[in-house]
Amino acid sequence: MSEMRVVGVRVELPANQPILLLRETEGERYLPIWIGSVEATAIALEQQGVRPARPLTHDLLKEVIGALGRELEQVVITDLREGTFFAELVFDGNVRVSARPSDSVALALRVGVPIHAVESVLEEAGLIIPDEQEDEVEKFREFLDSVSPEDFRGADT
């Protein structure tokens with residue numbers, strides 16, 4: 001199992017599909033996960049340190065976990081089946097709750113817990129970006145610095 005860090009979220013054109021990009025903290029592999037626009041906004045807001053006037057669902061869940069006296073210890077991306085990623089929230093006492101990776105990452109960022117991916121998922125979906133493409137990753141980081149949460153809202157919102 002490898003610890004992952006959030007590189008960021010971007011919108012893949014022309015389909016306007018948000019992608020969460022994770023990278024191994026002690027490795028070279030990236031893990032791209034297609035996610036929903038609501039979760040992309042939640043992740044982008046947290047990464048940018050933006051506090052909405054009212055708590056988002058992930059903020060609420062963080063508060064509920066604390067109010068119940070539980071502690072989220074980590075998030076694990078556990079499986080990839082037929083193009084769909086699966087994750088678990090791992091609480092104190094090794095209590096595990098199945099969750100979507102996008103929600104799991106949004107919550108992990110708010111709580112400040114590590115994100116891990118099992119080796120089988122990284123073997124199947126992990127990407128190694130050659131050195132000549134590292135400038136593309138830097139451009140992606142620059143994009144993340146310039147994007148706003150409104151960029152993830154659909155035209156019908």
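Note that UniProt numbering numbers the sequence shown so that position 62 is 62, with each residue one more than the last. For each residue, glycine too, the CB sits at the ideal point set by N, CA and C. Remember, predicted model here, so these are calculated numbers, not experimental data.
Cβ-based neighbour list, residue i, same chain, cut-off 6 Å, excluding 5 preceding and 5 following
i, result
"proline 101", "Ile33, Ile77, Phe85 and Ala87"
"valine 11", "Pro18"
"histidine 58", "Ala42, Ala106, Leu107 and Arg110"
"valine 7", "Leu21 and Arg23"
"leucine 127", "Tyr30"
Contact check, residue i vs residue j, beta carbons under 7 Å
i, j, result
"isoleucine 65", "valine 9", "no"
"alanine 117", "leucine 21", "no"
"arginine 96", "valine 90", "yes"
"arginine 23", "arginine 5", "yes"
Contact set for residue i: own chain, Cβ-Cβ below 8 Å, skip 5 residues either direction
i, result
"leucine 13", "none"
Residues of its chain near residue i, where Cβ-Cβ distance is below 7 Å and the 5 sequence neighbours each way are ignored
i, result
"leucine 80", "Val121, Glu124 and Ala125"
"alanine 99", "Ala87, Glu88 and Leu89"
"valine 113", "Leu72, Glu73, Gln74 and Val75"
"lysine 62", "Leu107, Arg110 and Val111"
Supposed close pair residue i, residue j - CB separation, criterion 8 Å
i, j, result
"glutamate 28", "glutamate 3", "So it is not a contact: roughly 14 Å between Cβ atoms."
"glutamate 82", "methionine 1", "Not confirmed; about 22 Å, so no contact."
* Are the region 31–49 and the region 61–76 in contact at 8 Å, needing three or more beta carbon pairs? -> no
* List in chain order: all unbroken alpha helix (DSSP H) runs of 4+ residues lying wholly within the region 52–83. => 57–67
* Identify every run of the alpha helix (DSSP H) within the region 76–129, keeping only runs that are complete inside it and at least 4 residues long; order them along the chain. => 101–111 and 119–125
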